[in-house]
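> In order, the protein sequences belong to chains A and B. Using this note's numbering, read the first sequence as starting at 4 and increasing by one per residue. Using this note's numbering, read the second sequence as starting at 4 and increasing by one per residue. First the structure, which I've put down as structure tokens, then a few questions once you've had a look.
There are 2 protein chains.
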Amino acid sequence: MLYPPSLNRLIEALRCLPGVGARTAQRMAHHLLERNRDGGRRLAQRLAEAMDGIGNCARCRNFSDTELCSVCTNASRDASLLCVVEMPAAQVAIEQATGYRGRYFVLQGRLSPLDGLGPRELGLDLLTERLAEGEVGPEGPLVAGVEATAHYLAQLARQHGVRPSRLAHGVPLGGELEYIDRGTLAHAFGARQDAG
Amino acid sequence: MLYPPSLNRLIEALRCLPGVGARTAQRMAHHLLERNRDGGRRLAQRLAEAMDGIGNCARCRNFSDTELCSVCTNASRDASLLCVVEMPAAQVAIEQATGYRGRYFVLQGRLSPLDGLGPRELGLDLLTERLAEGEVGPEGPLVAGVEATAHYLAQLARQHGVRPSRLAHGVPLGGELEYIDRGTLAHAFGARQDAG
């Protein structure tokens with residue numbers, strides 16, 4: 004063994020990062036040890052803090068380190084508008100590209116019963132409660148980037164007397180929302196249509 | 004602010020990794036929070052352990068979490084052979100590609116006086132001591148992958164009555180040793196020549 008055991012363990016642990024294989028992990032470990040130990044120590048602290056401190060907002064399921072997230076507690080947001088997204092990254096993309104000032108619901112996944120991701124795992128009971136409260140106006144919810152789940156959500160919305168809408172054509176099918184240019188996303192957001 | 008502050012701090016901290024920009028850092032943070040918190044916690048531990056526990060071998064300057072590394076304390080290694088490399092990754096590449104069974108000296112950099120990297124920073128006083136001990140046979144040292152530093156090292160070696168050698172032609176100039184295919188490296192290693 005050329006490496007000290009703790010270096011082998013670090014290289015192995017770095018491979019939990021997406022897109023990082025054995026060689027990249029080795030490069031990262033060398034880089035930190037040779038040039039940026041302070042950065043490595045800071046990253047260790049931030050990781051520990053985030054993995055244990057960040058949970059999900061009790062209302063919208065987005066990442067939060069408090070019971071309710073900053074969007075759900077922001078009184079200047081329009082509570083009659085609701086945008087349902089699969090992942091937090093899609094919410095970030097919508098906030099950056101559009102003027103949307105309503106609330107969100109974050110599924111943290113997409114409906115995929117074969118993978119054990121059913122309505123319960125996506126928090127649809129929580130979404131149902133929220134629709135039943137009647138706070139969402141007749142114009143919402145907007146279902147963004149959840150092709151696989153859209154039909155189910157549209158039915159759910161209609162059961163609660165609200166008219167679901169979807170992003171307009173312009174967003175490529177199956178594309179990840181966060182990789183789409185802002186102009187396209189803003190256009191699709193403005194021209195959204197009734198969900199099937 | 005969409006994100007909880009601890010998530011923003013994690014994304015910022017991830018950017019200390021080489022090749023990781025804002026968007027990749029965001030993807031990494033989301034991935035860990037959504038799918039692999041245990042992996043994230045383990046990485047935090049391994050980072051803290053490595054940044055504080057790994058130092059440099061007192062004899063060869065390679066990474067080590069003990070005073071002397073496992074290569075320097077391995078009695079089955081031929082102490083009359085010495086291979087000088089710039090970075091630990093080059094040593095890994097040589098071990099994997101060649102049958103070299105001697106010892107190493109790791110500069111942890113290359114001679115670059117304008118950047119404040121002089122003989123002292125590269126531990127050349129330590130290398131001088133080692134040559135003065137007379138343990139290195141007349142055939143060594145081999146200077147691998149240190150084009151910028153080779154001339155200086157060759158002079159140093161000759162002052163101590165040993166004949167320095169260099170890797171044979173075959174290794175591209177300026178290429179990083181760890182990205183060269185094993186066959187080329189093995190050939191260059193076997194056919195090494197006197198250093199200028």
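The beta carbon of each residue, even a glycine, is placed where N, CA and C say it ideally should be. Just so you know, these numbers come straight off a predicted model, no measurement behind them.
With H, G and I counted as helix, E and B as strand and the rest as coil, what does DSSP make of B/Asp68?
coil
> Thinking A/Arg40 and B/Met90 are a contact (beta carbons under 8 Å), I'd like their distance in whole angstroms, please.
Going by Cβ atoms, the distance from A/Arg40 to B/Met90 rounds to 16 Å, so no, they are not a contact pair.
> Straight-line CA distance for A/Arg97 to B/Leu125?
Here the sequence assigns Ile to residue 97 of chain A, which means Arg is not the residue at that position. Separation of A/Ile97 and B/Leu125 (C-alpha to C-alpha, rounded to the nearest whole angstrom) is 51 Å.
> Count the other CB atoms within 10 Å of the CB of B/Pro7; is the residue buried (16 or more) or exposed (fewer)?
Answer is buried; the Cβ neighbour count reaches 16.
> Are A/Cys60 and A/Leu50 closer than 7 Å when you measure CB to CB?
Not a contact, by the Cβ cut-off of 7 Å.
> Could you check what DSSP says for B/Ala47 in three-state terms: helix, strand or coil?
helix
> Report yes or no: is there a C-beta of chain A within less than 7 Å of the C-beta of B/Leu120?
Taking Cβ atoms only, chain A never reaches closer than 7 Å to B/Leu120, which makes this a no.
> Under the assumption that A/Leu129 contacts A/Arg64 (Cβ atoms under 8 Å), give the Cβ distance between them as a whole number of angstroms.
7 Å
> Can you have a look at B/Thr152 and say buried or exposed, based on whether 16 or more other CB atoms are within 10 angstroms of its CB?
buried
> Could you check which residue in A/Leu120, A/Asp118, A/Ala160 and A/Pro122 has the C-alpha nearest to that of A/Leu136?
Inspection of the sequence shows that residue 136 of chain A is occupied by Glu rather than by Leu. If we check each option's Cα against that of A/Glu136, A/Ala160 comes out closest.
> Per DSSP, what are the beta-bridge partners of B/Cys63 in this structure?
Bridge partners of B/Cys63: none, in fact.
> Just reading off the beta strand (DSSP E) that B/Ser9 is part of, what are its end residues?
Segment Pro8 to Leu17 is the alpha helix (DSSP H) holding B/Ser9; no beta strand (DSSP E) there.
> So, with DSSP's three-state summary, where would you put B/Gly112?
In this structure, B/Gly112 counts as coil in the three-state DSSP scheme.
> Could you round the C-beta distance between A/Ala92 and A/Glu181 to whole angstroms and report it? I think they count as a contact, below 8 Å.
4 Å
> Determine the contact status of B/Val139 and B/Val165, defining contact as a CB-CB distance below 7 Å.
In this structure, B/Val139 lies near B/Val165, with their beta-carbon atoms less than 7 Å apart.
> May I ask you to list, following chain order, the residues of the segment 62–82 of chain A that have a beta carbon less than 9 Å from some beta carbon of chain B?
Asn65, Phe66, Ser67, Asp68, Thr69, Cys72, Ser73 and Val74
> Interface residues of chain A around B/Leu159 at Cβ under 7 Å?
Residues of chain A with a Cβ closer than 7 Å to the Cβ of B/Leu159 do not exist, since the nearest Cβ in that chain sits about 23 Å away.
> Find out if the Cβ-Cβ distance for the pair B/Leu134, B/His163 is shorter than 7 Å.
Result yes, Cβ atoms of B/Leu134 and B/His163 sit closer than 7 Å.
> If distances are taken between C-alpha atoms only, which option among A/Asp184, A/Ala191, A/His154 and A/Ala157 comes closest to A/Leu170?
A/Ala191
> Checking the sheet assignment: what are the DSSP bridge partners for B/Asp81?
B/Gly105
> Beta carbon of A/Arg104, beta carbon of A/Leu85: below 7 Å?
no
> Assign B/Leu5 to one of three DSSP states: helix, strand, or coil.
coil
> Kindly indicate which three-state DSSP category B/Gly3 falls into: helix, strand or coil?
Examination of residue 3 of chain B is not possible in this model, given that chain B is present from 4 through 199 alone.
> Sort A/Val95, A/Ser168, A/His154 and A/Leu35 by Cα distance to A/Arg113 and report the nearest one.
A/His154
> State the Cα-Cα distance for the pair A/Ser73 and A/Arg62, rounded to the nearest angstrom.
11 Å
> Can you tell me whether A/Leu120 is helix, strand or coil according to DSSP?
strand
> How long is the line joining the alpha carbons of A/Val87 and A/Leu10, rounded to whole angstroms?
43 Å
> Nearest-angstrom Cα distance between A/Val23 and B/Ala28?
One Cα belongs to A/Val23, the other to B/Ala28, and the distance between them is close to 12 Å.
> Can you look up A/Arg169 in the DSSP assignment and give me helix, strand or coil?
strand
> Let me know if A/Gly186 comes out buried or exposed under the rule of 16 or more other beta-carbons within 10 Å of its beta-carbon.
exposed
> Could you pull the DSSP bridge partners for A/Gly58 from this structure?
A/Ser67
> Note down, in chain order, every chain B residue with its Cβ under 9 Å from the Cβ of A/Glu52.
Ordered by position in chain B, the residues that pass the 9 Å Cβ test against A/Glu52 are Ser9, Arg12, Leu13 and Ala47.
> Have a look at B/Ala16 and B/Phe66 and give me their C-alpha separation to the nearest angstrom.
Using only the alpha carbons, I get a separation of about 24 Å.
> Are the beta-carbon atoms of A/Cys19 and B/Gly42 separated by less than 7 Å?
yes
> What distance in whole Å lies between the Cβ atoms of B/Ala47 and A/Ala32, which are believed to be in contact at a cut-off of 8 Å?
Wrong, their Cβ atoms sit about 14 Å apart, outside the cutoff.
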